[in-house]
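Data first, discussion second: the structure below is written as structure tokens.
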Amino acid sequence: MLPPRAQVMRWRVSSLLAFILTSLQSARGGSLPISTRELVPSDRSAQQAARVTVHYLNYGFGSPHKLLVLGEVKQATRKDIPGIGHRYSVQFTTKDFQSNEKVGICFSSVFFQMKKPRPIINLNCTNSKIRKQEREDDYNFYKDMKQRTEPVMGKDIPDSKGYVHPDFVPLWHLAIAGSSYVMWEKSEEHLRYNMAQIKSVKQRIRKDDLLDFDYNVLLHEIPTQEMVPCHVRILWHPEQPMKVKYYCSPMPHFEEEGSGTEANEGSGSYGNF
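Quick note on numbering: the sequence shown equals residues -29 to -1, 1 to 244 in mature numbering (1 follows the signal peptide of the UniProt record, and there is no 0).
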């Protein structure tokens, strides 16, 4: 089943794909010359489709204690839709971010549209719920942050040697979960991203029940090898969809509500901060 925070996307996916295919059929006056071919699991495009799905999952979970990484691609096919893009069907395994232990298996449909980022994803995964211990860890982190009278701050996480101080591990993991939205939205068929480093993080003290963090992060863009600086603001509660706003540019920058068109946001319900 879908991650709870990703279910809101499911009906949009089916409706959009149906609309695209129907429109093309009408425009061309009949059936489309759509071709499907099987890919070897090591194919870069198949690997990319699986990685993008993992970003989508991590953002959907919205938990600093349930992060996944790609395990192994088992099977993959690519459907070429002329003039529109490529749709991949991929079967792959996932592993736990920290322990590297196998978590489950996913069946994913990933639709890359030409010249458009944010691939459309539909998926079904085993072990796609946050477990009791993970939920308890989320709550313990939440309570610790909420009880603070002075905002937590940090920089260069991990440091130049790859070390993350234990006190900052949940903040590092929360940044990965929130930045997964950015990486999913910016990904293209041959352009992918990895979370590289938190340059700085600062908590905003709030009077409501949400945790609020400002992150300046670096995303590793492949194959360009560029380090893309992004300002990512995350609002988080263990029982609510994660809300994310971000701005990526050569010079880290971020605007408040109602700013320019380059500030992007996402949440399970796409609500405002």
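Even glycine gets a Cβ: it sits at the ideal position worked out from N, Cα and C. All values reported here derive from a predicted model rather than from experimental measurement.
Query raised in the report: Using the beta-carbon count (16 or more within 10 Å), is Glu216 buried or exposed?
Result: Before going on, a small fix: residue 216 reads as Lys here, not Glu. Classification of Lys216: buried, given that the 10 Å Cβ count is 16 or more.
Query raised in the report: Would DSSP call Phe68 helix, strand or coil?
Result: Residue state, collapsed to three classes: coil.
Requested in this report: In the DSSP assignment, find the beta strand (DSSP E) that holds Ser150 and state where it starts and stops.
Outcome: DSSP places Ser150 outside any beta strand (DSSP E); the residue lies instead in the alpha helix (DSSP H), whose first and last residues are 140 to 157.
**Report entry** Closest by C-alpha distance to Cys96, when choosing among Arg15, Trp207, Gly31
**Finding:** Of the listed residues, the one whose Cα sits closest to Cys96 is Gly31.
**Report entry** Which listed residue (Ala47, Leu182, Thr24, Val61) has its alpha carbon closest to that of Leu39
**Finding:** The residue with the shortest Cα to Cα distance from Leu39 is Thr24.
Query raised in the report: Where Glu192 and Ser80 are concerned, what is the direct C-alpha to C-alpha distance, given to the nearest angstrom?
Result: Near 23 Å, if we compare the C-alpha coordinates of Ser80 and Glu192.
Query raised in the report: Leaving out five residues before and five after Asp180 in sequence, what residues of the same chain have Cβ atoms less than 7 Å from its Cβ?
Result: Only residues of its own chain outside the window of five on either side were considered, and among them His208 have a CB closer than 7 Å to the CB of Asp180, listed in chain order.
Report task. Provide the residue span of the alpha helix (DSSP H) that contains Thr195, from first to last. Result -> In this chain, Thr195 is not harboured by any alpha helix (DSSP H), its DSSP state being neither H nor E.
**Report entry** Beta-carbon contacts of Lys45 that lie in its chain and below 8 Å, excluding the five residues immediately before and after
**Finding:** Closer than 8 Å at the Cβ level, and outside the excluded window around Lys45, lie Pro12, Gln62, Phe63, Thr64, Ile76.
**Report entry** Pairwise C-alpha distance: Thr120 and Gly149
**Finding:** Between Gly149 and Thr120, the alpha-carbon positions lie close to 24 Å from each other.
Query raised in the report: Taking DSSP as the reference, what is the three-state secondary structure of Glu210?
Result: Here DSSP, grouped into helix, strand and coil, assigns Glu210 to coil.
Requested in this report: Ignore the nearest five residues each way along the sequence and tell me which others in Leu182's own chain have a CB closer than 6 Å to its CB.
Outcome: Closer than 6 Å at the Cβ level, and outside the excluded window around Leu182, lie Met116, Trp207.
Query raised in the report: Taking C-beta to C-beta, are Ser151 and His26 nearer than 9 Å?
Result: The criterion of a C-beta distance shorter than 9 Å is satisfied by Ser151 and His26.
Query raised in the report: Which one of Pro88, Leu189, Lys114, Gly42 has the shortest CA to CA distance from Ile55?
Result: Ranking Pro88, Leu189, Lys114, Gly42 by Cα distance to Ile55 puts Pro88 first.
Query - Beta-bridge partners of Val40, as assigned by DSSP - result: Lys66.
Query - Residue burial classification, Glu9 (beta-carbon count within 10 angstroms, cutoff 16) - result: Glu9 comes out exposed.
Query raised in the report: Is it true that the segment 136 to 150 meets the segment 169 to 178, where meeting means three or more beta-carbon pairs spaced less than 8 Å apart?
Result: By the C-beta criterion, the segment 136 to 150 is judged to be in contact with the segment 169 to 178, since at least 3 inter-stretch pairs fall below 8 Å.
Report task. Take Arg163 as the anchor and find which of Ile5, Ser16, Asp109 has the nearest alpha-carbon. Result -> Restricting attention to Ile5, Ser16, Asp109, the CA atom closest to the CA of Arg163 is found in Ser16.
Query - Cβ distance (whole Å) where Met166 is taken to contact Leu190 below 8 Å - result: For a cut-off of 8 Å, the C-beta gap from Met166 to Leu190 is around 6 Å, short enough to register as a contact.
Query raised in the report: Whose CA, out of Pro200, Phe78, Phe112, lies closest to the CA of Lys157?
Result: When each option's Cα is compared against that of Lys157, the closest is Pro200.
Query raised in the report: What did DSSP end up calling Asn165 once you bin it into helix, strand or coil?
Result: Shown here, Asn165 sits in a strand according to DSSP, grouped into three states.
Query raised in the report: Which word fits Arg102, buried or exposed, when buried means at least 16 other C-beta atoms lie within 10 angstroms of its C-beta?
Result: Arg102 should be labelled exposed.
**Report entry** Limits of the unbroken beta strand (DSSP E) element including Glu9
**Finding:** Segment 6 to 10, the beta strand (DSSP E) holding Glu9.
Report task. Throw me the rounded Cβ distance for the Gly33 and Met213 pair, which I believe falls under 8 Å. Result -> Your pair Gly33 and Met213 checks out as a contact, with CB atoms roughly 3 Å apart and the cut at 8 Å.
Query - Alpha carbon of Ala(-3) to alpha carbon of Gln18, nearest angstrom - result: Residue confidence is low: Ala(-3) scores 45 on pLDDT, short of 50, so the model does not pin down where it sits. Its coordinate-derived value is still stated next. When rounded, the distance between both Cα atoms is 33 Å.
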